[in-house]
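Presented below is the structure to which this report refers.
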Amino acid sequence: MNALLRLLSLLFLIGCSVVVDARPLVRHIRSTHEFERLLKKHSEETGLPVIVDFYSDGCGPCRMMAPIFKKLASEIGQDKAVFVKVDTNAMYELSSRYGIRSLPTFLFFYNGQKVNEFSGAGEGQLRQYTQGIVERAERENVLLTKDSLVKYYKEKDGSKSEDAVNGVHKKCVDMMKNNKSGLCVGPAATKLAKNLKKKYGDGPVLEKRFKAEEQTPGGESKKSNDSSSTTKSSSSSASNKPNLNLATIEDLKAELEKRIDEALEAQVEEEEDDDAEFEHSWSGPGDFPERVTIIGGGPAGISAAIYAARAGLTPVVVAPPLGGQLQGKGVDVENYPGMHNVTGPAVISSMREQAASFGAVFEMENVVSVDASSRPFKVQTESNVIETHTIIVATGAESNWLNVTGEYEMRGGGVSSCATCDGAAFYQKDVLVIGGGDAAMEDALVLARTSKSVTVIHRRDTFRASKILAQRIIEHPSISIKWNTTVQEILGTSIESASSSDDSEDVDLDNVEVPKKVVSGAVLRDITTGKEERISCDAVFVAIGHTPATSFLDGIVEFEPDHPGYIKTIGRTTKTSVPGIFAAGDVADNMYRQAITSAGSGAAAALDAERWLSEEGLGNEAAEFEAELLAELMADDEGSPKIADGYNAYEDAGGRMTGIRESVGAEL
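Read in order, the letters of the sequence shown correspond to residues -22 to -1, 1 to 646 in mature numbering (1 follows the signal peptide of the UniProt record, and there is no 0).
Okay, structure coming up:
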């Protein structure tokens, strides 16, 4: 009895504290059982496809795709597909079941079975696969009932007995393997109707298997904007709530679990809405060019934004929500002044908030191109063109690769350049880390937390990394080192996807998958002896440096002749060969490449841009326009002094202010 009272009390409290829709726009999965129930529900009750985003909070590409995933969910609509997210750090079992080896990975389910997948930050691919599975679900949302088939044969072929018609219907049911519904549905129903039409001239009537009200969250049609519709919806929602007075303890527990999930989902939705507002705080093109546009969201870009914002320049920061290399660091940042025991993402988040507090605005998109052929400059993003007087380039650097056999083919299948992103997928597995710098040391330490073993492969006999990091690697009990060794080849094995099992086969052959290849080992070579050996492993993490992400500036600015990809700057400034374009961070630093030096050069770039704007007399268009407009209004005012009469606006303003002060003083 006490347990029953506690359950009722909890239900009352949760019911009073949250009011949410029956299904959130993007659902966050918290258990394997919850995921299984969701697949079963939408396979048997709604027929909707399920699109799943396997992600990690420390994964930069995952953060970049998160707002895109949510935007796509909003565009597609809740009555067309179900969008869910799975945190691989919390859901090892589920991630392992579907062979998640790279993040983000998107899985596409239909009728409870996986029909497609891909890994990486590809918006176009995500949209293409999603649209394809939505169209398939709509196309196959058909039902051929036995009654409809009997009626059809009576009209077309009266000689068919009822048993014969039942046999045709059963054959249709059996065409869909693992079809436990006993219904003639989907592609089997479509195929049967098509064959009958070919034979008799027209086919039987196909019905919708799942009605619109079943596919809409809450079992209702979409809400309209008028108040009467809102009232009806609220009334309907209230009537659909279970009668807890007649419920058993099991019913109460189920209802409690459901309401807790709804409360948590509501909280997540609210947090994501706040993030979306921050990530797209730029209001779009205005009447005048921007004064400063910063391309890049790492320490250099955000530092430039802070300095430019404090100077009143209202900078626009254009970058996907990756935050540069610092965003991908899962270990603590220990060498950044004022930051103690914080991770890279936390540092970037704090810097962004600081920049926003001073007036910087953000547009979380990729820059496609820059047009510097005329003034103002034009920065082309994925959805807008930003006109700007100055540009600060702070795009950082991209990972280098080994370029050995098997590396490219198995990216997403165990080959990665981001341990923080993909490390959780190799829980209790054997992994390799290639490299000898700070990045390799940090990756090895991250992987040692969850992997069974970590082997660092380095081509020299000493590390290039800082002494403190190198010493941690050497002394770590789970990390071994192979000195003077290079990787000659990455070995792999083909595996069948989860959707290739017999249970998932049906008459639709449009989605046949090619088995993917995953890492099974590597061929190593000792550079001192020339001897080669094979080593077994489940993943290879490449950490051999970076190349500046400056290809979009080819043919626009000059580059360092001895260091390809690095932008050439003038003297000790951040000025480039194009007046008004400045470079900060790793794009112009081939020597230090540290977060703190990047932040310093970002501040310098903002100061250089501010001085250049002042020298050129640019960036004051709005103020000048207002002044001219005010002057015209005053000149048109009857009785107002003309400029030719020696009128001084500042003296007049002073006199009027004196008069106002005297008047106020008299009243007081």
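Glycine residues also receive a C-beta, built at the ideal position from the N, C-alpha and C atoms.
- Closest in alpha carbon position to Thr66, among Pro45, Tyr33 and Gly90, is Tyr33.
- Counting of Cβ neighbours within 10 angstroms places Asn89 among the buried residues, the total reaching 16 or more.
- Counting along the chain, Lys158 sits inside no beta strand (DSSP E), nor does DSSP assign it H or E at all.
- Sequence-distant Cβ neighbours of Arg288 in its own chain, meaning closer than 7 angstroms and more than five residues away, are Phe336.
- No Cβ-Cβ contact shorter than 8 angstroms links Gly290 with Ala372.
- Straight-line spacing of the CA atoms in Ser126 and Ala171 works out to 11 angstroms.
- Residue range Gly322 to Ser335 is occupied by the alpha helix (DSSP H) that includes Ala324, with no beta strand (DSSP E) assigned at that position.
- Contact between Val393 and Ile468 holds, with the beta-carbon distance rounding to 6 angstroms and staying under 8 angstroms.
- Shown here for Lys553: same chain residues with a beta carbon closer than 7 angstroms to its own, the five before and five after excluded, namely Thr547, Phe560 and Asp586 in chain order.
- With fewer than 16 other Cβ atoms inside 10 Å of its own Cβ, Val183 counts as exposed.
- Burial is judged here by how many other beta carbons sit within 10 angstroms of a residue's own beta carbon; Tyr130 has at least 16 and is buried.
- For Tyr131, the enclosing alpha helix (DSSP H) has its first and last residue at Lys124 to Lys134.
- DSSP places Asn144 in the helix class (H, G or I) of the three-state scheme.
- The DSSP assignment places complete beta strand (DSSP E) segments of no fewer than 3 residues inside the stretch 10 to 34 at 28 to 33, in order along the chain.
- For Tyr107, there is no enclosing beta strand (DSSP E); the enclosing alpha helix (DSSP H) has its first and last residue at Glu101 to Arg117.
- Phe537 sits away from Ser347, with the two beta carbons spaced by 8 angstroms or more.
- Cβ-Cβ distances below 8 angstroms link Lys186 to Asn119, Val120 and Leu121 in the same chain, with the five nearest sequence neighbours on each side left out; the list follows chain order.
- Residue nearest to Trp260 within the set Thr123, Ser361 and Ala190 is Ser361 (criterion: CA-CA distance).
- Bridge pairing for Asn94: Phe86 [DSSP].
- In terms of CA proximity to Ala68, Ala403 leads the group Ala581, Arg589 and Ala403.
- Just measuring C-alpha positions, the residue of Gln109, Asp567, Gly77 and Val556 sitting nearest Trp590 is Val556.
- One Cα belongs to His367, the other to Gly36, and the distance between them is close to 35 angstroms.
- Going by beta carbons, Phe84 and Leu104 fall inside the 8 angstroms limit.
- Taking every protein chain shown into account, the CB of Phe47 has 16 or more other CB atoms within 10 angstroms, so this residue is buried.
- For the set Asp421, Glu14 and Thr463, the Cα lying nearest the Cα of Val62 is the one of Glu14.
- Scanning the stretch 515 to 564 from its first residue to its last, the whole beta strand (DSSP E) runs of 3-plus residues come out as 517 to 520, 524 to 526 and 559 to 561.
- Phe519 is the residue among Gly145, Met388 and Phe519 whose C-alpha sits nearest the C-alpha of Gly401.
- The alpha-carbon separation between Asn462 and Thr433 amounts to approximately 13 angstroms.
- Note: Gln56 is not bridge-paired with any residue in the DSSP secondary-structure output.
- Met388 counts as buried, since at least 16 other C-beta atoms from the protein chains shown sit within 10 angstroms of its C-beta.
- Per DSSP, Val4 is one residue of the beta strand (DSSP E) stretching across Val4 to Ile7.
- In this structure, Pro298 sits near Glu343, with a CB-CB distance shorter than 8 angstroms.
- Contact check for Gly413 and Arg79: beta-carbon distance about 20 angstroms, past the 8 angstroms limit, so the pair fails to qualify.
- Collapsing the DSSP output to three states places Arg288 in a helix.
- Sorting Tyr386, Ile370, His11 and Ser327 by C-alpha distance to the C-alpha of Ala562 places Ile370 at the top.
- Boundaries of the beta strand (DSSP E) harbouring Val345: Val345 to Asp349, taken from the DSSP string.
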